[in-house]
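Undergrad: Take a look at the following structure, please.
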Amino acid sequence: MDPGDTNSEPHRERSAFALLAGVHLKQNWRRLEAVLLQSKLLSVTVLLFIVGYCWLSFALFYRAMRFVGAFPGLGDLLVERMIFILFAFLFALLLISNLVISYSNLFRNRETNFLHCLPISPNAIFQWKFLESTVVASWAFLFLIAPLLVAYGLVEDVDWTFYPVTVFMVLMFVILPAIAGAWSAIGLARYMDRRFFQYTTLGLGVLVLVALAFWLKPDVVTDDMLETRVMLVLDRLLKNTQFSQFAFLPSYWLASGVISWSEGAISATGFFMLVMLSYGLFWGRFTMVMAGSPLYEAASAVQSRGPVASRWKWVQWLDRGKRNRSKAWSPGFLERFFGLLFWMPPDFRAVLVKDVRVFWRDTSQWGQSLLLFGLLAAYIVNLKNFSSKLNNPFWIHLISYMNLGACSLNLATLTTRFVFPQFSLEGKRLWIVGMAPIGLKKVIGIKYTLACLISMSLTGILIFMSCHMLNMPWMQIGYFTFVIAVMALTLNGLAMGLGVIYPNFKEDNPSKIVSGFGGTFCLVLSFLYIVGSIAILAVGSPWREQTVPWVVALGWGSFTVLSLGLGLIPYRIGINRLRHMEI
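Numbering (my numbering), first residue to last: 619 to 1201.
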């Protein structure tokens, strides 16, 4: 084919990609302008939070590196190992994030299905959706890693060239997990209904968990060993972190390049930059050219089959009514389960069945939930190793509130990720619910009740188990469980209220809904509420030394007022907004 032919396939793909990118860029710019014009106070609040987060994270990273680096003879080694470990875990999280978002964007997106019906090649569709998924999945990584790199540069006293070189290496790095995540999403969509694929994936997951449990088993270090051979003990303590220095990990290339440039080893940094560049160019070019056909086959497979869960035998056994569907309708498992809650009105139970069934049919939704709770399970299992030698009352008090912060941040993740987009996910079908006798106000109340019940149950179990692992007395366990229950009511009210105030009915991808202005504002307020609440409760803790009763009462009063105000006011504003909403 003549390269100068304007009708050639590569030229048409580039034209289609440029058209899609230009249209979406204009749309996003206009949305940003509309948001800025709509509420300048809200925009200033988000901007101040971003600046405050950058400053706070930079200060924490800077102080931590200065503190660790002050150890004589060991500081540099510990700082380097921390950087390797951090980049390794961030690479794993970035890979998972790209997998989840790419799957949703490629196979659970209305725009993608619409583009497949147009005279646009699958390669052009994939190229645009790949770029979109990479940006959505990687912006948080860039937002997190920037303060760390600035702090590391100041601690190591590097020159100004360190920062542009580091930015270039980070941009090359994020391409690699994006490519791996896109291909994993295509393979998952294409073969997820096959029994061999399901059993193989499950078996590999079990093997990985067993290997991690064996690998991360802590070594017992005696006092005699600490007094005689410090380096030997240090090697034993750090042996479980050697995986982060595996030479074929992209995180190793990035960390080695950053450390080498800070030490003045320019040639070593150039080598790792060329390694990342070569892998990025090769796999990037291969993906951009060859992924169109597998994408089309995977999309066809997804559209031509029902939910994967409906093929599992245990689900079919639970939903025995499907066997008689050809003869007469009979209630399924969810109808029978919620039917046991006889004290609830029938319309209440119907909305619960609808929400749970919609959530179960969305693979990306419950897949992310399983991933999140898997990480939490690993956190709880390792607490027993962390709390084995906590004897100082100061450290016990500090760790207990840090544990509360970890559990509450997990709660904020659940509410922001799953509760905030609930109203927007009704989409263009909102008029059906709005014209029903039950009314939108009651529907929002049912969604809020369901979210509170689920989140309070999960986080209550989490805080109970974690406090038990930390060997806290029963009174403290009950105290922290009650606190997390109050936080669950507040954060769910905040997420549900802001979800009604700032809806996005044009998107059916929850990740994009959460990434919008309303979701960002919800995350900001949730974070500020958690930080403020933990600070108030820690100052007014009844288990502090020299506790003053009026300080405890003032702390609980402030926490109660803050929780009621932040949870009730947005929810009431959202309910009032429903009265004037046109559907």
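Just so it is clear, CB atoms sit at the ideal spot from N, CA and C, and this is done for glycine as well.
So, under 8 Å CB-CB, G1115 and I1191 are touching, yes? Tell me the CB distance rounded to an integer number of Å.
TA: G1115 to I1191, Cβ: 6 Å. Contact.
Undergrad: I need the straight-line Cα distance from R943 to K1060, nearest angstrom please.
TA: For R943, the predicted structure reports a pLDDT of 48, less than 50, and the residue's modelled location is therefore unreliable. The matter cannot be settled from this model.
Undergrad: So, S1084 versus L1109, is the Cβ gap smaller than 7 Å?
TA: Contact flag unset, no.
Undergrad: Is the beta carbon of G1137 closer than 7 Å to that of F977?
TA: Cβ atoms of F977 and G1137: not closer than 7 Å.
Undergrad: May I ask you to report which of helix, strand or coil DSSP gives P740?
TA: DSSP places P740 in helix when its eight states are reduced to three.
Undergrad: Where M906 and P628 are concerned, what is the direct C-alpha to C-alpha distance, given to the nearest angstrom?
TA: Distance between the alpha carbons of M906 and P628 is about 11 Å.
Undergrad: Mind checking K644: buried by the 16 CB within 10 Å criterion, or exposed?
TA: By the 10 Å Cβ count, K644 comes out exposed.
Undergrad: Indicate whether the contact test is met: 3 or more Cβ pairs, each with one atom in the segment 696 to 705 and one in the segment 792 to 805, closer than 8 Å.
TA: No: fewer than three Cβ pairs fall under 8 Å.
Undergrad: Look at the Cβ atom of C1025, then the Cβ atom of T1077, and state whether they are nearer than 7 Å.
TA: Going by C-beta atoms, C1025 is nearer than 7 Å to T1077.
Undergrad: Considering just the uninterrupted stretch of the alpha helix (DSSP H) at D694, what are its terminal residues?
TA: Note, D694: alpha helix (DSSP H), 693 to 725.
Undergrad: Taking the alpha-carbon positions, what's the L844 to G687 distance?
TA: For L844, the pLDDT reaches just 49, beneath the cut-off of 50, and the residue's location in the model is therefore unreliable, leaving the point undetermined.
Undergrad: Would you call the CB atoms of S1159 and F1177 closer than 7 Å?
TA: Contact: no.
Undergrad: By how many angstroms is the C-alpha of A1153 removed from the C-alpha of I668?
TA: Using only the alpha carbons, I get a separation of about 20 Å.
Undergrad: How big is the Cα-Cα spacing for A1030 and F786?
TA: Rounded to whole angstroms, A1030 to F786 spans 33 Å at the Cα level.
Undergrad: Hey, out of I1064, W673, I1131, whose CA is closest to M962's CA?
TA: Comparing Cα-Cα distances from M962 to each of I1064, W673, I1131, the minimum goes to I1064.
Undergrad: Can you tell me whether DSSP reads L1182 as helix, strand or coil?
TA: Note: L1182 maps to helix in three-state DSSP.
Undergrad: Label S1018 either buried or exposed according to how many other C-beta atoms from any shown protein chain fall within 10 Å of its C-beta, with 16 as the threshold for buried.
TA: So S1018 counts as buried.
Undergrad: Closer than 6 Å by C-beta to F890: which residues in its own chain qualify, once you throw out the five before and the five after it? Chain order, please.
TA: Correct list, in chain order: W871, S874, G875.
Undergrad: In the DSSP assignment, find the alpha helix (DSSP H) that holds L892 and state where it starts and stops.
TA: Looking at the DSSP string, the run of the alpha helix (DSSP H) that includes L892 is 884 to 908.
Undergrad: Take the Cβ of F861 as the centre, count every other Cβ of all protein chains shown within 10 Å, and call the residue buried at 16 or more, exposed below.
TA: Classification for F861: exposed.
Undergrad: In whole angstroms, what separates the C-alpha of P1128 from that of D694?
TA: If you take the alpha carbons of P1128 and D694, they lie about 43 Å apart.
Undergrad: When the Cα of R1197 is compared with those of T784, G1057, L724, which residue comes out closest?
TA: The option with the nearest alpha carbon to R1197 is G1057.
Undergrad: Alpha carbon to alpha carbon, what distance is there between D775 and I743?
TA: Near 45 Å, if we compare the C-alpha coordinates of D775 and I743.
Undergrad: Could you pull out every residue in the same chain whose Cβ sits closer than 8 Å to the Cβ of S739, ignoring the five residues on either side in sequence?
TA: These residues qualify, in order along the chain: E627, R630, E631, A634, G910.
Undergrad: Find the nearest neighbour of A1103 within the set Y1097, T752, F1123, M1074, judged by alpha-carbon distance.
TA: Here the closest residue by C-alpha is M1074.
Undergrad: Do you know how far the Cα of I1072 is from the Cα of E915?
TA: Looking at the two C-alpha atoms, the distance is approximately 37 Å.
Undergrad: Using the beta-carbon count (16 or more within 10 Å), is W1092 buried or exposed?
TA: Burial call: exposed.
Undergrad: Taking a contact to mean a Cβ-Cβ separation below 7 Å, would you say I1119 touches R1047 in this structure?
TA: Not closer than 7 Å, so no.
Undergrad: So what's I1090 in DSSP terms, helix, strand or just coil?
TA: The amino acid at residue 1090 is misidentified as Ile; the sequence shows Met. Of the three classes helix, strand and coil, the one that applies to M1090 here is coil, per DSSP.
Undergrad: Can you tell me whether W778 is helix, strand or coil according to DSSP?
TA: Three-state result, W778: coil.
Undergrad: Could you give the distance in angstroms between the alpha-carbon of L712 and the alpha-carbon of L1068?
TA: Answer to the nearest angstrom: the Cα atoms are 31 Å apart.
Undergrad: In three-state terms, what does DSSP make of V1166?
TA: In the structure shown, V1166 sits in coil (DSSP, three-state: anything other than H, G, I, E or B).
Undergrad: Could you have a look at L638 and say whether DSSP puts it in helix, strand or coil?
TA: Reduced to three states, the DSSP call for L638 is helix.
Undergrad: Measure the alpha-carbon distance for R941 versus R954 and round it to whole angstroms.
TA: Low per-residue confidence applies at R941: pLDDT is 49, beneath 50, and the placement is therefore not dependable, though the value from the model is reported in the following sentence. Approximately 15 Å, taken between the alpha carbons.
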